[in-house]
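Numbered by mature numbering (1 follows the signal peptide of the UniProt record, and there is no 0), the letters in the sequence shown go through residues -24 to -1, 1 to 203 in order. A short worksheet on the structure shown next.
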Amino acid sequence: MDAKLLPLTLIIGLVLLEIPSCVCQYDQQYQACSQTLSQCGNISEIGYPFWGGNRNASCDYPGFELNCQNDVLRLNISSTVYRVHDINNMTQTLRVARDDLWDDTCPRIVTNTSLNFTIFNYSSTANDQNITLHYGCNINQTSTTISPYNFSCSVNGAISWNFILTRENSGLGNGITSAAVISVPVNQTAAWALAMPTTWTNLLQDALNNGFPIEWFANNDNCNLCA
């Protein structure tokens, strides 16, 4: 063999030896990440882009880590924790409810509903409407008219005035201001019912617990090639 061809032959041989190793490594990673998360409550078949639990960090898609505690699936989006009711892989949507408003309309810390709009957005097909919860309202002596849509919270032993507003009902009342506001989507039918003075108190918590759908965006190109 020509001595000049020896280095080239050696290089080609080394490359051919390395290719199966690389393919094997990627194949093993795809096999590991093709496993679904363990069932949490009534939610199963949870796959990419979600991870956590039995799906390790090598399957990580930033912003999609799920945590399961006491059969409750939770997702942290922009420092707001949501309970996950269901996941639809076909439509890439999930229904979530704010964890801090679950069974309690008086959160310890009042923060507005937030999403990371690079990977999530409110569902474009949902029939939802925003309601606003006004906390720590100041009712002064000039407040001659007070909205009937009010509820109380106890903070450090002090009772605060709070109000719920929908698109259909009126404002807080004359001379009333709020210290903090939460805007949260609810089902359109629930929003209409919440605008009725005689029924809203019994429906508010159910509307918040029911949650709202959001869409997710993740690059699935590589996964589709392996399908």
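Beta carbons: idealized from backbone N, C-alpha and C, even for Gly.
**Request:** Return the chain-ordered list of same chain residues with a C-beta closer than 6 Å to the C-beta of residue 189, the five sequence neighbours on each side being excluded.
**Result:** On the sequence shown, residue 189 is found 213 positions in, with the first residue counted as 1. Here the set comprises 69, 71, 99 and 102.
**Segment contact, 8 Å Cβ cut-off, at least three pairs: the stretch 37 to 53 with the stretch 18 to 25** = At 8 Å Cβ cutoff, the stretches touch.
**Message:** Taking the alpha helix (DSSP H) that residue 185 belongs to, which residues open and close that run?
**Reply:** As a first step, residue 185 must be located in the sequence shown, where it is residue number 209. First-last of the alpha helix (DSSP H) with residue 185: 176 to 186.
**Request:** Using the Cα positions of residue 51 and residue 148, report the straight-line distance between them to the nearest angstrom.
**Result:** Position 75 of the sequence shown, counted from the start, is the residue given in the question as residue 51. Position 172 of the sequence shown, counted from the start, is the residue given in the question as residue 148. Answer to the nearest angstrom: the Cα atoms are 33 Å apart.
**Request:** Give the C-beta separation of residue 170 and residue 184 to the nearest angstrom, bearing in mind that I take them to be a contact with Cβ-Cβ under 8 Å.
**Result:** Residue 170 sits at position 194 when you count from the first residue of the sequence shown. Residue 184 sits at position 208 when you count from the first residue of the sequence shown. At roughly 10 Å, the Cβ-Cβ gap does not stay under 8 Å, so residue 170 and residue 184 are not in contact.
**Item:** CB contact flag (residue 89, residue 56, <9 Å)
**Value:** Taking the first residue of the sequence shown as position 1, residue 89 is located at position 113. Taking the first residue of the sequence shown as position 1, residue 56 is located at position 80. Going by C-beta atoms, residue 89 is nearer than 9 Å to residue 56.
**Request:** Have a look at the DSSP bridge pairing and note the partners of residue 56.
**Result:** As a first step, residue 56 must be located in the sequence shown, where it is residue number 80. Looking at the DSSP assignment, residue 56 forms a beta bridge with 53.
**Request:** Express the C-alpha separation of residue 167 and residue 128 in angstroms, rounding to a whole number.
**Result:** Here the question's residue 128 lines up with position 152 in the sequence shown. Here the question's residue 167 lines up with position 191 in the sequence shown. In this structure, the straight-line span from the alpha carbon of residue 128 to that of residue 167 is close to 20 Å.
**C-beta contact flag for residue 113 and residue 158 at 9 Å** = Position 137 of the sequence shown, counted from the first residue, corresponds to residue 113. Position 182 of the sequence shown, counted from the first residue, corresponds to residue 158. Cβ distance not < 9 Å, so residue 113 and residue 158 don't count as in contact.
**Pairwise C-alpha distance: residue 106 and residue 160** = Within the sequence shown, the letter at position 184 stands for residue 160. Within the sequence shown, the letter at position 130 stands for residue 106. Rounded to whole angstroms, residue 160 to residue 106 spans 5 Å at the Cα level.
**Request:** Would you mind stating whether residue 64 and residue 23 have Cβ atoms separated by less than 9 Å?
**Result:** Within the sequence shown, numbered from 1, the residue matching residue 64 stands at position 88. Within the sequence shown, numbered from 1, the residue matching residue 23 stands at position 47. Taking 9 Å as the Cβ cut-off, residue 64 and residue 23 do not qualify as a contacting pair.
**Request:** To the nearest angstrom, report how far apart residue 191 and residue 122 are at their CA atoms.
**Result:** Sequence index remark: in the sequence shown, residue 191 carries index 215 (1-based). Sequence index remark: in the sequence shown, residue 122 carries index 146 (1-based). Going by the C-alpha atoms only, they are around 38 Å apart.
**Request:** Take residue 92 and list the residues in its own chain whose beta-carbon comes closer than 7 Å to its own, dropping the five residues that flank it on each side.
**Result:** The residue given as residue 92 occupies position 116 in the sequence shown. Excluding residues within five positions, the ones whose Cβ falls inside 7 Å are 39, 53 and 54.
**Item:** Sequence-distant residues of the same chain with beta carbon closer than 6 Å to residue 108, five excluded per side
**Value:** Numbered from 1 along the sequence shown, position 132 holds the residue referred to as residue 108. Result list for residue 108: 141, 157 and 159, in chain order.
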